[in-house]
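Participant: Dropping a structure here in structure tokens format, bear with me for questions.
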Amino acid sequence: MDRVTQWVSSQDVPADLTIRIADSIFPLHKAVMVPRCGYIRRAVAKDPSAAVELDLSALPGGADAFEKAARYCYGANFEITARNAAALRCAAAFLDMQHPADLARRVEEFLAQAGLRALPSAVTVLRSCEALLPAAEELGVVRRAADAVALRICNEALFPTRTPPGWWTAELAALSPASFQKVATALRCRRADPKVLANAASAYAELALAEVLADPRDREDQRALLESVVDVLPSAADAPISAAFLCRLLHAAITTEASAKTCRDLELRVAAVLDQATAGDLLGVALDGAGERVRNTDTVRRVIAAFVERHAGRSRRASLSSGGAELDPGAMEKVARTVDELMAELATEESLAISKFVGVAGAVPKEARASHDCVYRAVDIYLKTHPALDEIEREKVCSVMDPLKLSYQARLHASQNKRLPLQVVLSALYYDQLKLRSAAAGVDEGWDTQTAAGKARAQARADASLARENEALRSELARMRAFVSGMQPSKGSGSSRAAPAGKKASLLGSVSRTLSRLNPFKGGWAKDTASIADSRNAMPHVVKPKRRRFSIS
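With full-length UniProt numbering as the guide, the letters of the sequence shown map in order to residues 1 to 553.
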């Protein structure tokens with residue numbers, strides 16, 4: 001009766017209207033409530049008996065909202081706050097309070113002048129609407145509150161009113177995922193800066209993730225909260241979220257055994273920004289919940305494969321259209337270095353199977369790595385950690401690298417590494433032999449010989465060498481013609497012929513040697529017969545060559 005004594009000015013008037021809401025009972029008077037509440041007026045008209053009892057358990061806001069509405073009808077004082085404004089607005093609409101100075105109008109004035117003018121109060125109003133659905137949404141209170149929150153966030157991002165500038169992100173922690181999604185939608189409608197939307201989403205998800213990890217025993221609630229948070233995250237095109245945080249979310253989803261849809265969504269999100277991730281971020285995904293053992297290598301492999309597929313698709317689209325400027329040419333190389341660093345960390349895990357190691361390291365194409373030194377380091381660490389592998393297993397481990405793409409120091413180390421299979425060692429040695437032969441032929445050492453510019457330089461050097469040899473040959477022939485033309489007038493004594501014979505033979509030998517250098521069958525057909533001495537004291541088994549007449553015209 002304490003409530004009744006506050007509502008009724010005189011206790012001599014008995015109550016003729018009883019309102020029941022759940023466990024609460026309100027004895028009221030028809031003369032006070034009927035004129036102001038259309039719902040009660042229609043209910044009383046159906047049953048005009050002396051005493052009427054109504055069950056209003058479906059009233060939005062429950063007993064608290066009805067108590068304040070009844071106080072308003074009786075003219076009692078009460079306070080409208082950000083916490084109860086939405087409930088009073090819904091209760092007034094439910095009770096059909098259409099008095100000229102009705103409760104609904106007073107609540108609307110409060111929302112416009114105070115309730116939605118500041119970010120904390122707007123968040124409070126939006127949060128109070130979560131228990132008033134769908135009535136609050138039908139009346140537009142949810143939309144107005146979400147839009148007010150988005151407007152205040154945009155204003156704080158442009159003109160901070162408090163320090164630190166990002167203080168507003170903590171205010172969003174009070175919202176449910178559904179309410180935050182409405183705020184994110186309002187931010188997109190207002191064309192907010194993508195960084196603002198990304199900061200809001202990251203801050204909200206960070207706070208939700210902290211709540212998920214706070215109590216590892218409540219797995220069901222954690223899973224539901226995490227899945228709902230992932231569902232409301234904006235797309236990468238709208239607001240790119242950092243790779244480090246997405247990796248943490250993915251690890252939490254795996255730990256809480258979230259749905260396959262949630263895990264796949266996070267994998268694709270991580271793949272979209274994988275070039276921004278570090279080896280530590282991916283290592284956090286690969287480890288178990290305690291962070292001690294490697295368990296989730298398949299997830300890491302799927303993320304890398306999704307990035308490679310995405311990069312290949314963008315490359316094809318860029319080649320067919322003018323959108324090539326959006327493609328980062330170094331993204332694949334960054335990811336390859338990150339994966340190689342990750343594999344060096346995972347290789348120390350003794351329980352890591354060969355198929356898991358090869359699956360992650362081989363997810364990046366070999367041609368994406370300019371040098372295979374880092375992947376060779378990971379392979380060497382794995383072989384050192386697993387010394388019991390046979391030759392075939394070691395060859396399978398080494399299949400993720402190309403020995404021909406190792407640097408000179410790495411090839412030198414590989415040629416002396418007893419842990420490597422014989423085939424890899426031979427490949428490294430064979431390549432070094434090819435390099436030495438190329439150097440002897442005048443081809444520069446280094447990888448530039450494989451490029452078009454290197455091949456052009458090598459061809460230019462070969463042409464220059466051939467030109468020099470041709471010039472030397474022409475000089476020899478000119479000297480011989482001059483010598484022969486000087487010999488023709490003197491054909492007298494035998495001694496005079498014998499004297500220049502040695503010079504003639506020496507000139508012919510010089511010409512023969514020059515021709516032999518240009519002969520593709522060097523050493524096969526062009527024999528310098530003038531260099532063979534005509535000696536009577538030669539060994540019996542040596543065949544004396546026949547003297548031939550050389551005719552030069």
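C-beta: ideal position from N, C-alpha, C; glycine also.
1) Taking V196 and A146 to be in contact with their CB atoms under 8 Å, please state how far apart those CB atoms are, rounded to whole angstroms.
2) Let me make sure I understand the geometry here. Which of S427, Y408, T385 and L404 has the alpha-carbon closest to that of R419?
3) For G166, tell me which candidate among V183, V142, A203 and L111 has the shortest Cα-Cα distance.
4) With DSSP run on the structure shown, which of helix, strand or coil describes T449?
5) Does the Cβ-Cβ distance between A305 and T297 come in under 8 Å?
6) Evaluate E257 with the Cβ neighbour count: other Cβ atoms within 10 Å of its Cβ, from every protein chain shown; 16 or more gives buried, anything less gives exposed.
7) Given that a residue counts as buried once 16 or more other Cβ atoms are within 10 Å of its Cβ, and exposed if not, what is T163?
8) Just reading off the alpha helix (DSSP H) that V107 is part of, what are its end residues?
9) What would DSSP say about E79, mapped onto helix, strand or coil?
10) Can you tell me which of the three DSSP states R20 falls into?
11) Assign E171 to one of two classes, buried (16 or more other C-beta atoms within 10 Å of its C-beta) or exposed (fewer than that).
12) For A135, which residues of its own chain have a beta-carbon under 6 Å away from its beta-carbon, when the five flanking residues on both sides are left out?
13) If you run the structure through DSSP and keep just helix, strand and coil, what is I241?
14) Within the region 287 to 361, note down every full alpha helix (DSSP H) run reaching 4 residues or more, in order along the chain.
15) Starting from L54, trace the beta strand (DSSP E) both ways and give me its first and last residue.
16) To the nearest angstrom, how far is the alpha carbon of N84 from that of R127?
17) Helix, strand or coil for L116 per DSSP?
18) If we count the other Cβ atoms within 10 Å of its Cβ and call it buried at 16 or more, is Y376 buried or exposed?
19) Classify K522: buried if its beta carbon has 16 or more other beta carbons within 10 angstroms, exposed otherwise.
20) Can you give the Cα-Cα distance for D16 and V229, rounded to whole angstroms?
21) Report the residue from D23, T18 and S24 whose alpha carbon sits nearest the alpha carbon of V32.
22) In the structure shown, what three-state DSSP assignment does residue 567 receive?
23) Identify which residue in A184, L175, P177 and A131 has its Cα closest to the Cα of L151.
24) Distance, Cα to Cα, S399 vs V308?
25) By a C-beta neighbour count over all protein chains shown, 10 Å radius and 16 as the cutoff for buried, is V13 buried or exposed?
26) Leaving out five residues before and five after T278 in sequence, what residues of the same chain have Cβ atoms less than 7 Å from its Cβ?
27) Applying the 10 Å Cβ sphere with the 16-neighbour rule, what's the burial state of G115?
28) Taking the straight line between their C-alpha atoms, what separation do you get for A272 and S121?
29) Please list, in chain order, all residues of the same chain as residue 599 whose beta carbon is under 6 Å from its beta carbon, the five residues on each side excluded.
30) Span of the alpha helix (DSSP H) holding H413?
31) For Q276 and G313, what's the separation of their Cα atoms in angstroms?
32) Can you check which of these residues, A260, Q409, A201 and K366, is closest to A239 by C-alpha distance?
33) Applying the 10 Å Cβ sphere with the 16-neighbour rule, what's the burial state of E67?
34) Would you mind sorting Q416 into buried or exposed? The rule is 16 or more other CB atoms within 10 Å of its CB.
35) Tell me which residues share the same chain as R41 and place their Cβ nearer than 7 Å to its Cβ, disregarding the 5 neighbours each side in the sequence.
Facilitator: A quick look at the data gives this:
1) For a cut-off of 8 Å, the C-beta gap from V196 to A146 is around 15 Å, too long to register as a contact.
2) For R419, the closest alpha carbon among the candidates S427, Y408, T385 and L404 is that of T385.
3) Nearest C-alpha to G166: A203.
4) Residue placement at T449 is flagged as unreliable, the pLDDT there being 47, under the threshold of 50; a coordinate-derived value is accordingly withheld.
5) Going by beta carbons, A305 and T297 fall outside the 8 Å limit.
6) Flag for E257 reads exposed.
7) The residue in question, T163, is exposed, as its Cβ has fewer than 16 Cβ neighbours within 10 Å.
8) Residues L103 to F110.
9) Look at E79 here: in three-state DSSP terms it is coil, with no helix or strand label.
10) Here R20 carries a strand assignment [DSSP, helix/strand/coil].
11) The Cβ neighbour count for E171, taken over all protein chains shown within 10 Å, is at least 16; the residue is labelled buried.
12) P60 and C90.
13) Note: I241 maps to coil in three-state DSSP.
14) Whole alpha helix (DSSP H) segments, 4+ residues: 297 to 320, 331 to 346 and 354 to 361.
15) In the DSSP assignment, L54 falls within the unbroken beta strand (DSSP E) covering V52 to D55.
16) Approximately 11 Å, taken between the alpha carbons.
17) DSSP places L116 in coil when its eight states are reduced to three.
18) Burial call: buried.
19) With a pLDDT of 44 at K522, under the threshold of 50, the modelled position of this residue cannot be trusted, and the question is left open.
20) When only Cα atoms are considered, D16 and V229 end up about 50 Å apart.
21) Residue nearest to V32 within the set D23, T18 and S24 is T18 (criterion: CA-CA distance).
22) Residue 567 falls outside the range modelled here, since the chain spans only 1 to 553, and no answer is possible.
23) Of the listed residues, the one whose Cα sits closest to L151 is A184.
24) Taking the straight line joining both Cα atoms gives about 19 Å.
25) Counting Cβ neighbours within 10 Å, V13 comes out exposed, since fewer than 16 surround it.
26) Around T278: T338.
27) Only buried fits G115, as 16 or more other CB atoms lie within 10 angstroms of its CB.
28) So the two alpha carbons sit approximately 37 Å from each other.
29) Given a span of 1 to 553 for the chain in the structure shown, any question on residue 599 remains unanswerable.
30) Y408 to S415 is the span of the alpha helix (DSSP H), which, as asked, contains H413.
31) Cα to Cα, Q276 sits roughly 19 Å from G313.
32) Closest by C-alpha distance to A239, out of A260, Q409, A201 and K366, is A201.
33) Counting the other Cβ atoms within 10 Å of the Cβ of E67 gives 16 or more, which makes it buried.
34) Answer is exposed; the Cβ neighbour count stays below 16.
35) Same-chain partners within the cutoff: V34.
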